[in-house]
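According to mature numbering (1 follows the signal peptide of the UniProt record, and there is no 0), the residues represented by the sequence shown are -20 to -1, 1 to 574, in order.
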Amino acid sequence: MKNKMLKFGLSALLVVSVIACGPGKKRSEQSQDLSKSKFEMNYTSEKEAIKGGVYNVALVEDTPFKGILSPALYTDNTDWRIIENIAPSIFWSDEDYNVTNGGMSDIDFDVDNKVITIKFREGLKWEDGHALTVDDLIYTYKILADSEYTGVRYDEDLMNVVGLQDYHDKKADTIKGLEKVSDTVLKIHIKEASPNVYAGAGGLISYVVPKHLFEGIEISKLEQSDLVRIKPLSYGPYKLTQIVPGESVELVPNEYWYEESSRPMVDKKIIKILPTSSLISSIKVGEFDSYVNVGSSTYKEYKDFDNIATLGKPGLNFSYLGFNLGHWDNEKGINVTDKDKVMSDLELRKAMGYALNIQEVVEKFYNNLKLKANSPIPPAFKKYHPETPYYDYNVEKANEILDKAGYKDVDGDGIRENKDGKPLEIRLAMAGGSDIAEALSQKFIQDWKAVGLNITLATGRLLGSNFYDVIQSNEGFEVFLAGFGTGSSLDLAGFFAESARFNFARLVDKKNEQLMKETVSLEALRDPEYRLNKIKEWNKYYMENMIGLLPIWYSYDLYPVNKRVKQFSISDASVDLSRIKEAVTQKELLPASK
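Pasting the structure below:
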């Protein structure tokens, strides 16, 4: 559900890919094309499924997975790809990413009384046969709210539950807003009713942990415990039987999985890390049944292989150019905008946007498998994504803005000085980790140099695993390239608010705060048209008056699938294994014939 996965740097951005429209189309047509998807979202083999076999999944990564295998504690999307097999969402969601009934639990929202009612199916069990009840959900809330909790999910959303902050502050022994009606029914009393609740946010969590095992472990030690690292307990379609830390896991079907119609037919499932350099040869020989985190830069190398079907859909993410505009006040827990930062001039930020030839980047580096972005709201949100273009490539306009703003070439060397006539030095923080990272960084630097801006790489080179630490510090750079997963709730405050840790630009603005609040107000909940208009108003204000970050392209999620697989689908908003019966049609994987 509200699965906000933040990936930092270019290597993370290459995990997903996007279809870009051809030249000559209006911006509105581009947005519509992207939302419709150029790829198929379902694959079904005409062959009969067999019972047995091994289902092989490749996680295309150049680094080991962290192995924090708990939905309450993980921070990495690669870990989630393992977790979803053993701890899937307890809710289903529709194509608009709203919670629906029909999964492990049903949900009802009493807007007037600000009460969410969750009803579990009867007879749910953990893999050890222990009953799964609302006690497990209540205990999950308690873990997240505990002052010793080491994860990242104690946030403003969670604090919308009545009494949860008092529990966190040790002013109460229970969470007042969690009312147990029975073993299968829980009422959650919330402070404010928001449209985000329908998308699994606003105080709603979509997973559980096993209370009967976790309650014997200190909260501060959970993340390093065997129940998280070695033998996590499953309530999903599979259970974990073996783990090679950082490299692979083996799973077998869980006999207590509630949904008989989607119980796996295979004997075993193996999920394994595959280096990006091995992707093409692996697909060609037929090494895995499906591939996850496949970048667009390699699509042309495997698209004609006849042993696979490539599925794709617009992702809940965007890549962006970020500007360093302030710092994080750890004591107050807020972002602070510093007026003396190099990039504090809005006109300079706009000019840098106009100077970038993103369409050329899309064509040259991504095989036209991305689309130039015009908003922080991805086209996957069909209803809310705007059609208005922003900062299309225009060197003449970039030069005009810089001239009017006072950035002149004082000494005639072709490089602009700042408004005081002193050297204007702008450092770009960007992560390596891919075969195109160096060339892409130089392309950006070249575009900016064409309008007289002197941009160099922070530290003189692409950053490595320390990229996250550098961006968080807001020191040693002026601009940075990164990506963000929006999550299914379209939670603007989670990335743009004064209190948002993920607001790495550190840009704070009173009107911005007000507009974001209005998009999730009670009126927005009662009147969808009001919410739509307020989101549009916020987008216009941010893109014209703030741009702490400049969205540069949208991505597609691509899934190459070996044709021995019986069925594979990404058509549901949450690709939920409770809706797919995993099976293969023959024992051997299919190699490409050419």
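Using N, Cα and C, we set each Cβ at its ideal position, and we do this for glycine too.
Do you know how far the Cα of residue j is from the Cα of residue i?
i, j, result
"L338", "F424", "In the sequence as presented, Leu is not what sits at residue 338; that position holds Ile. I338 and F424: Cα-Cα distance of roughly 9 Å."
"Y77", "M323", "36 Å"
"G183", "I168", "8 Å"
"A438", "P403", "16 Å"
"D389", "N398", "9 Å"
"K18", "P540", "14 Å"
"I256", "D42", "Residue identity differs from the one stated: residue 256 is Thr in this sequence, not Ile. Roughly 6 Å separates the two Cα atoms."
"V564", "I210", "28 Å"
"G401", "S479", "36 Å"
"K516", "D56", "31 Å"
"D417", "E503", "Inspection of the sequence shows that residue 417 is occupied by Ala rather than by Asp. Their Cα atoms are separated by approximately 45 Å."
"K94", "A173", "6 Å"
"K160", "V141", "14 Å"
"I260", "V342", "21 Å"
"D92", "V232", "45 Å"
"D90", "K171", "13 Å"
"Y54", "G131", "7 Å"
"S(-10)", "Y35", "At S(-10) the pLDDT is 31, less than 50, meaning the model places this residue with poor confidence; the figure from the coordinates comes in the next sentence. Spanning the two alpha carbons is a distance of roughly 27 Å."
"K429", "D393", "11 Å"
"P44", "G275", "17 Å"
"Y279", "N347", "8 Å"
"D74", "T80", "6 Å"
"R506", "V500", "10 Å"
Below 9 Å between beta carbons: does that hold for residue i and residue j?
i, j, result
"S469", "N176", "yes"
"N234", "K248", "no"
"M523", "Y370", "yes"
"L382", "E327", "yes"
"L305", "K330", "no"
"V188", "T290", "no"
"I395", "T436", "no"
"Y238", "L104", "yes"
"Y270", "V37", "The question names Tyr, but residue 270 in the sequence shown is Ser. A contact, by the Cβ cut-off of 9 Å."
"K264", "P571", "yes"
"G474", "D135", "yes"
"G180", "G157", "no"
"P531", "P244", "no"
"G216", "P68", "yes"
"K574", "D286", "yes"
"V375", "V431", "yes"
"L202", "T97", "no"
"G226", "G47", "yes"
"K561", "A29", "yes"
"A353", "K293", "no"
"I199", "S228", "no"
May I ask you to report which of helix, strand or coil DSSP gives residue i?
i, result
"K350", "coil"
"D365", "Checking the displayed sequence, the identity of residue 365 turns out to be His instead of Asp. Reduced to three states, the DSSP call for H365 is coil."
"K99", "strand"
"I263", "helix"
"D74", "coil"
"L420", "helix"
"N398", "coil"
"T164", "coil"
"Q204", "helix"
"Q222", "strand"
"G306", "strand"
"K330", "helix"
"F345", "helix"
"N36", "strand"
"R407", "strand"
"S549", "strand"
"Y178", "helix"
"T24", "strand"
"F(-13)", "Confidence at F(-13) is low in this model, with a pLDDT of 29, below 50, so the placement of that residue should be treated as unreliable; the coordinate-derived value is given next. Note: F(-13) maps to coil in three-state DSSP."
"N273", "coil"
"N379", "helix"
Using a Cβ cut-off of 9 Å (strictly closer), state whether residue i contacts chain D.
i, result
"L166", "Any reference to chain D falls outside this structure, which holds one protein chain only."
For this session: Evaluate the contact criterion for the stretch 56 to 63 versus the stretch 123 to 137: three or more CB pairs, one atom per stretch, below 8 Å.
Result: no
Exercise. Where in the stretch 108 to 161 do unbroken runs of the alpha helix (DSSP H), each at least 4 residues long, occur, reported from the N-terminal end onward?
Worked result: Runs found: 114 to 125 and 144 to 148.
Exercise. Counting Cβ pairs, one atom from each stretch, are 3 or more of them under 8 Å apart for the stretch 303 to 317 and the stretch 474 to 488?
Worked result: Yes: the two stretches touch, three or more of their Cβ pairs being nearer than 8 Å.
Problem set entry | the stretch 492 to 499 / the stretch 431 to 447 touching (three or more Cβ pairs under 8 Å) | no
Exercise. Can you list the beta strand (DSSP E) stretches of 3 or more residues lying completely in the stretch 430 to 477, in chain order?
Worked result: Those beta strand (DSSP E) runs which fall completely within the stretch 430 to 477 and span 3+ residues are 435 to 437 and 459 to 465.
Problem set entry | Unbroken stretches of the beta strand (DSSP E), 3 residues or longer, contained in the stretch 44 to 89 | none
Exercise. Do the stretch 455 to 473 and the stretch 292 to 303 make contact, defined as three or more Cβ pairs closer than 8 Å?
Worked result: yes
Exercise. What are the complete beta strand (DSSP E) segments, minimum 3 residues, inside the stretch 276 to 320?
Worked result: 288 to 303, 306 to 309 and 314 to 317
Exercise. Hey, which unbroken runs of the alpha helix (DSSP H) at 4 residues or more fall wholly within the stretch 502 to 536?
Worked result: 502 to 506 and 508 to 525
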